[in-house]
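Residue 247 in the numbering used here sits at position 224 of the sequence shown, with consecutive numbering throughout.
Note that beta-carbon positions come from the ideal geometry of N, C-alpha and C, so glycine has one too.
Since the structure is predicted, the reported quantities are computational estimates derived from the model, not experimental observations.
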Amino acid sequence: MSPEVKPDFLINAEGLRIDGRRPDELRPIEFKVGVLKQADGSAYIKQGKTFIIAAVYGPRELHPRHLTLSDRAYLRVVYRMATFSVPDRKKPAPSRREREISMVIANALKPALFLEDFPKAVVDIFIQVIQADGGTRCAAINAASLALADAGVPMKCLVPAVAVGKADGTLIVDLGDQEDKYGEGDVPMAIMPLTDEITLLQQDGSFTREELLEAMQMGIQACKYIHELQKDALMKAYATKAPSEDDDFDDDMETDLGEAEIIGEED
């Protein structure tokens, strides 16, 4: 496979991005809830060319027992990328980056969950990136939040997430793969829309104070839009809850979202 060529520009003379979007425009987003019958809750997200499935199991008994928390449930997140999810085949073994993103996702979701209602239990979230084209950690949070709601895990609210970046000196929302690789930085963030509480805020690259504040405001507005899409997906799922032979996924689908190997459980 030939190496990817860096684009000449990320923002053209008309102020549009390489995929034709405006700076504040998100990629097309599609959610679907209840896509895996064997999970307690599940959802997928298609955000541009990024495609991610999330499955939730629990609350249930925690193994190994040394991880048990006496005052709340343990939230265990496993984020994995399929070997075929990127142009250069990914190694099957879990990477350090996958472990880091698993932790980031857990920390972004915890403030929205009533984990104290289930002491000594565990809520498992398995996330599989089927196709990666930028923004996978934020898309994974969006899908995992819906899967938690589908599983009936008590929540204060859904948690939408998005990244705001900078390309050719312009702030842009929801970075694609090339913008992520060749842009000047990004700010992934997640919020609880009912209170505007920020549950995730990271920064990569260089931003002035004014740029960072503007990026956060752009991110909050984008998250609120994603939140509406999440709510619509839930309402649609439960308005048409009768099983259908046309479901996209079934019990025979092979993924790493069932009894997956728990990453880092002894760390």
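Just to check my reading of the structure: Pro183 and Ile249 have Cβ atoms closer than 8 Å, yes? What is that Cβ distance to the nearest angstrom? In the sequence shown, counting from the first residue as 1, residue 183 sits at position 160. In the sequence shown, counting from the first residue as 1, residue 249 sits at position 226. About 4 Å separates the two Cβ atoms, so the contact holds.
Identify the continuous beta strand (DSSP E) that holds Asp209 and give its terminal residues. Position 186 of the sequence shown, counting from 1, holds the residue named residue 209. Gly208 to Met215 is the span of the beta strand (DSSP E), which, as asked, contains Asp209.
Backbone CA spacing between Val58 and Ala78 [nearest angstrom]: Within the sequence shown, residue 58 is the residue found at index 35, counting from 1. Within the sequence shown, residue 78 is the residue found at index 55, counting from 1. Cα-Cα distance, rounded: 9 Å.
I think Thr193 touches Pro46, with their Cβ atoms under 8 Å apart; what is that distance to the nearest whole Å? What you label residue 193 is simply residue 170 of the sequence shown in a count that begins at 1. What you label residue 46 is simply residue 23 of the sequence shown in a count that begins at 1. Yes, Thr193 and Pro46 are in contact; Cβ-Cβ is about 5 Å, under 8 Å.
For Pro177 and Asp31, I'd like the C-alpha separation in whole angstroms. The residue given as residue 177 occupies position 154 in the sequence shown. The residue given as residue 31 occupies position 8 in the sequence shown. Near 48 Å, if we compare the C-alpha coordinates of Asp31 and Pro177.
What is the rounded straight-line gap between the Cα of Ala238 and the Cα of Ala62? In the sequence shown, counting from the first residue as 1, residue 238 sits at position 215. In the sequence shown, counting from the first residue as 1, residue 62 sits at position 39. Approximately 36 Å, taken between the alpha carbons.
Relative to the C-alpha of Pro82, which residue among Val101, Gln70 and Leu138 is closest? By one-based count along the sequence shown, residue 82 stands at place 59. Among Val101, Gln70 and Leu138, the Cα nearest to that of Pro82 belongs to Leu138.
In its own chain, which residues sit with a C-beta less than 7 Å from the C-beta of Cys180, not counting the 5 before and 5 after it? Counting from one through the sequence shown, the residue named residue 180 turns up at place 157. Answer for Cys180: Ala135, Met215, Pro216 and Leu217, listed in chain order.
Determine the contact status of Tyr205 and Lys72, defining contact as a CB-CB distance below 7 Å. As a working note, residue 205 is residue 182 in the sequence shown. As a working note, residue 72 is residue 49 in the sequence shown. Against a cut-off of 7 Å, the Cβ pair of Lys72 and Tyr205 comes out as no contact.
Ala262: buried (16+ other C-beta within 10 angstroms of its C-beta) or exposed? Sequence index remark: in the sequence shown, residue 262 carries index 239 (1-based). So Ala262 counts as exposed.
For Lys113, which residues in the same chain have their Cβ closer than 6 Å to its Cβ, ignoring the five residues on either side in sequence? The residue labelled residue 113 in the question sits at position 90 within the sequence shown. Once the five neighbours on either side are set aside, the close Cβ partners of Lys113 are Met104 and Thr106.
Just grab the DSSP bridge partners of Leu85 for me. By 1-based counting over the sequence shown, the position of residue 85 is 62. Leu85 pairs with nothing; no bridge assigned.
Could you say which of Asp209, Asp140 and Leu169 lies nearest to Gly158 if we only look at CA atoms? What you label residue 158 is simply residue 135 of the sequence shown in a count that begins at 1. The candidate whose alpha carbon is nearest that of Gly158 is Asp209.
Beta strand (DSSP E) segments (min. 3 residues) lying fully within the segment 55-120: 64-70, 73-84 and 97-104
Pick helix, strand or coil for Gly188, following the three-state DSSP scheme. Within the sequence shown, residue 188 is the residue found at index 165, counting from 1. Note: Gly188 maps to strand in three-state DSSP.
Measuring only the C-alpha atoms, how far is Gly80 from Asn35? Locating residue 80 in the sequence shown gives position 57, where the first residue counts as 1. Locating residue 35 in the sequence shown gives position 12, where the first residue counts as 1. The question names Gly, but residue 80 in the sequence shown is Tyr. If I take the Cα positions, the gap works out to 46 Å.
In terms of residue numbering, what span does the beta strand (DSSP E) encompassing Leu236 cover? Locating residue 236 in the sequence shown gives position 213, where the first residue counts as 1. Here Leu236 belongs to no beta strand (DSSP E); instead the alpha helix (DSSP H) covers Arg232 to Ala262.
Out of Ser65, Ile221, Gly38 and Arg120, point me to the one whose CA is closest to Arg160's CA. Looking up residue 160 in the sequence shown gives position 137. Checking every option, the nearest Cα to that of Arg160 belongs to Arg120.
Can you name, in chain order, every residue of its own chain whose Cβ lies under 6 Å from the Cβ of Ile68, other than the five neighbours on each side? If you number the sequence shown from 1, residue 68 lands on position 45. These residues qualify, in order along the chain: Phe54, Ile75, Ala162, Asn165 and Ala166.
Strictly by DSSP, which residues pair up with Ile50? Your numbering for residue 50 matches position 27 in the sequence shown. For the record, residue 50 in the displayed sequence is Arg; it is not Ile. Beta-bridge pairing links Arg50 to no other residue.
If I'm right that Ile150 touches Val101 with Cβ under 8 Å, what's the distance once you round it to whole angstroms? The count along the sequence shown starts at 1 and reaches residue 150 at position 127. The count along the sequence shown starts at 1 and reaches residue 101 at position 78. About 7 Å separates the two Cβ atoms, so the contact holds.
Using three-state DSSP, classify Glu268 as helix, strand or coil. Mapped onto the sequence shown, residue 268 falls at position 245. Per-residue confidence for Glu268 stands at a pLDDT of 49, beneath the threshold of 50, marking its modelled position as unreliable; the derived number appears in the next sentence. Residue state, collapsed to three classes: coil.
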